[in-house]
Every structure is written in structure tokens, then in C-alpha cells.
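Position in the sequence shown (from 1) plus 22 gives the number in our numbering.
Structure record follows, encoded as C-alpha cells.
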Amino acid sequence: MNKYKNNRVAEVLDHLHEDAKKDYMRVGKGIVKSIFRPLQPKDFAHAYLPISKNQGEALKQLIIQNDSKYVVEFGTSFGISTIYLADAVKQTGGKVISTELIKSKADIAIQNIEKAGLDPFVEIRVGDAMQTLQGDHQAIDFLFLDGWKDLYLPLFKMLEPYFHAGTLIYADNMDMAGTKIYGDYILAKKNQYSSKFVHGGKAMLTGLAA
Ligand SMILES: C[S@@+](CC[C@H](N)C(=O)[O-])C[C@H]1O[C@@H](n2cnc3c(N)ncnc32)[C@H](O)[C@@H]1O
23 MNKYKNNRVA EVLDHLHEDA KKDYMRVGKG IVKSIFRPLQ PKDFAHAYLP
73 ISKNQGEALK QLIIQNDSKY VVEFGTSFGI STIYLADAVK QTGGKVISTE
123 LIKSKADIAI QNIEKAGLDP FVEIRVGDAM QTLQGDHQAI DFLFLDGWKD
173 LYLPLFKMLE PYFHAGTLIY ADNMDMAGTK IYGDYILAKK NQYSSKFVHG
223 GKAMLTGLAA
């Protein structure tokens, strides 16, 4: 018997998480190059660098519980996290805007999202998030930050005018040095934002202070 009982989303996610596990060798080669020069986005052109299944499920539940409809993602990669986000907005009646710098990754993400049957709920914008998300004047219900760390804070500041009382901001990789400047900025604004670390400190969830 098919263990997924026709659950296309679970089937596609299982396959992608498995494929991502095989990815570490390719990522490793990129890191070896960094001994000779700083790492660049193209060194990760073949790397998934995805959130875990637990994080994906938690993101999905957060969006559903918060009834978030307009969800913005920074860093699509091959679409693993986008599929969790899209599966959630399918239930809330919303949509996901996700952006990816590398076109070849965005193209594969679109195929993966189609395989999961979630393409009606997703718009992928190819290019630098600081451009592709600029001038997006719709109120943001949920922001997921998972691209290069030096852009978390500039992107947050650019999108801040579109936050409202119910907006949630989920930033991944808060245990990495590159995100410290973002964490310090948010945590210092206690009268404006309320934050907590989740997933053992790997991510930070922020809402507007009451
Ligand atoms: C950690 S991966 C995202 C993983 C994905 N969220 C997941 O969980 O499946 C980060 C991605 O952000 C992309 N990225 C980096 N800088 C970017 C930028 N300025 N604009 C758009 N995407 C960017 C990278 O190319 C990379 O694919």
C-alpha cells in the first residue's frame, strides 16, 4: 500500500529532504574553496541548505494558528521551506511570495512546488531580495528570513513599513555569527518587538510588542 495515501506534499518533501542529506559532499567542496577566497552565493548553487522537517512543520502550524495569509520568504533555494509555507497558506486562503537569487535554483524550486501541487499558492521572484521585494505594498502577515545573513537586517528594515500588529517574523540560523547584528537590533527594540528563540536557539520568532 502507498504509505502516503496520495499525500503528494509529504511524498515530495520526503524525497527532497532525502536528496538534501546527500548534498553535504557538494557543500563541502564549496567550503574547501573558501580557504582560498571568500564564499560566494554561486558556491551554493547546488546546495539545498534547507530547514529541518521539524522546523517546516512548526512553521506550517504557526501560519495556520496565526491565520497568516500574505507570507514572504527570503531564500527559496530548491523550495523545501516554500512547500511547507504553501501547504499552510492553502489552508488559510493566502499566498507565498518567495525570492531566490540564483535562477537555476528558482527553476528547480518551481518544478518541486508544482510536483507538490502547490503552485497556485506560490509566486517565485528571481533576483536579489532587496530588489524583488522592494515596493511590495501589501501588508505582510508572516516573514521568513533564510537567505544570506548580512541581508536579514536591511531586508527587515525595508519591509518594516508593511508589518502590522499580527505580523510574525521567523529568522532562521540565529546560531550563526552572521545573524548577530540582526538579533541585537531586534532584541534592543523591546518596546517595539517581542522575540523568543525556538528550535534550541536555531531560530528567532518575533512579533510586535503589545
Ligand atoms: C539557506 S538557503 C534557503 C533554504 C530554503 N529556505 C529551505 O529551507 O529550503 C539560502 C538561499 O538564499 C538565496 N539567497 C542568498 N542571497 C539572496 C538574495 N540577496 N536574494 C535572494 N535570494 C538569496 C541563496 O541563493 C540560497 O539558495
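Beta carbons: idealized from backbone N, C-alpha and C, even for Gly.
Item, Value
"At a cut-off of 7 Å, is L81 close to ligand 1 when judged by its beta-carbon and the heavy atoms of the ligand?", "no"
"Helix, strand or coil for S217? Go by DSSP, reduced to three states.", "strand"
"Alpha carbon to alpha carbon, how far is T114 from V94?", "14 Å"
"Are the beta-carbon atoms belonging to A67 and F100 less than 8 Å from one another?", "no"
"Using DSSP bridges, identify the partner residues of L165.", "V94 and I191"
"Using only the alpha-carbon positions, how far apart do M23 and Q87 sit?", "Note that M23 scores a pLDDT of 46, beneath 50, so its modelled location is shaky and nothing firm can be said."
"I'd like the list of long-range same chain contacts for Q133, defined as Cβ closer than 6 Å, with 5 residues on each side in sequence excluded.", "none"
"For L203, count neighbouring C-beta atoms within 10 Å of its own C-beta (all shown protein chains included) and say buried if the count is 16 or more, exposed if not.", "The question names Leu, yet the displayed sequence has Ile at residue 203. Classification of I203: exposed, given that the 10 Å Cβ count is below 16."
"Compare the beta carbon distance of F38 and I135 with 8 Å and say whether it is the shorter of the two.", "For the sequence presented, residue 38 should be read as Leu rather than Phe. Contact: no."
"At a cut-off of 7 Å, is A225 close to ligand 1 when judged by its beta-carbon and the heavy atoms of the ligand?", "no"
"Report back the beta-carbon spacing between I162 and F185 to the nearest angstrom; my notes put them in contact at under 8 Å.", "6 Å"
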